[in-house]
Amino acid sequence: MTTRTRIAIFASGSGSNFQAIADACRAGELDATPALLVCDRPGAYVVERATAADIPYFAFSPKSYHNKEEFETHIIQELTRYEVDFIVLAGYMRLIGPTLLSAFKGRIVNIHPSLLPAFPGLDAVGQALEYGVKLTGVTIHFVDEGMDTGPIIAQKAIEVGAFDTRETLEKKIHEVEHLFYPKTLQQLFSVKGEAAIR
Ligand code: GRF
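Numbering of the sequence shown is given in our numbering, commencing with residue 625 and proceeding in unit increments.
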């Protein structure tokens, strides 16, 4: 019998990847249950998406805690409450600290809008345009203590056209992400069913 992986999706903004993952779960394309949204910006649009999809959320303001260890301890309490097995970062604009990393060792993945190790950190799309690369893409990787440095799980290349602007390139990247993230998670969870990941 296969058990559905219970995932928490972490996001800070619009949440179009959150939506794509939730939709894939609902459509039966991804054998996972979106058990919780974790959001570090209570006013973010992703919170509205979670409400509309009837997915519980934990929205918090980092400023109301003394430090990262304190808010990550609170996040872990919520993850435990919702019996979360796995964390999926989707536009969560914050480094994961040692508290959460050690509690979910090898069970946190992220999506980044470039072909890592090129253009890590903020504004990967702007960095790619600025550099003038002809090929960029999307990387899905395990999360470690660094900034977009963990072991790579999957990548997809995207051509940068001569007339691409930030807007058109971001659109292309999002279109790829919305299919590629759920598909990669599905592969990851089916492998996980046979052997523990790392
Ligand atoms: C995505 O491009 C993702 O690669 C990056 O942040 C963006 C989030 O977009 N980490 P959205 O909030 O899912 O629309």
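Even glycine gets a Cβ: it sits at the ideal position worked out from N, Cα and C. Please read all numbers here as calculations on a predicted model, not as lab measurements.
- No Cβ-Cβ contact shorter than 8 Å links Asp-772 with Leu-724.
- Spatial neighbours of Arg-673 in its own chain (CB-CB distance under 7 Å, excluding positions within 5 residues in sequence) are listed in chain order as Gly-639, Phe-642 and Gln-643.
- The C-alpha of Ala-668 lies about 33 Å from the C-alpha of Val-815.
- In this structure, Ile-735 has its CB closer than 7 Å to one or more heavy atoms of ligand 1.
- Between Ile-777 and Tyr-689, the alpha-carbon positions lie close to 33 Å from each other.
- Excluding residues up to 5 positions away in sequence, Ser-640 lie with their Cβ nearer than 7 Å to the Cβ of His-798 in the same chain.
- In the same chain as Pro-658, and ignoring 5 residues on each side of it, the C-beta atoms closer than 7 Å to its own belong to Ile-631, Ile-633, Ile-645, Ala-646, Cys-649 and Ile-679, in chain order.
- Counting only runs of 4+ residues, the alpha helix (DSSP H) found wholly inside the stretch 735 to 780 occupies 748 to 755, in chain order.
- Per DSSP, Val-708 lies in no beta strand (DSSP E) segment and is marked neither H nor E.
- Straight-line spacing of the CA atoms in Leu-746 and Lys-687 works out to 21 Å.
- In the three-state reduction of the DSSP assignment, Tyr-681 falls in the strand class.
- Counting C-beta pairs closer than 8 Å gives fewer than three between the stretch 777 to 788 and the stretch 707 to 721, which falls short of the contact rule.
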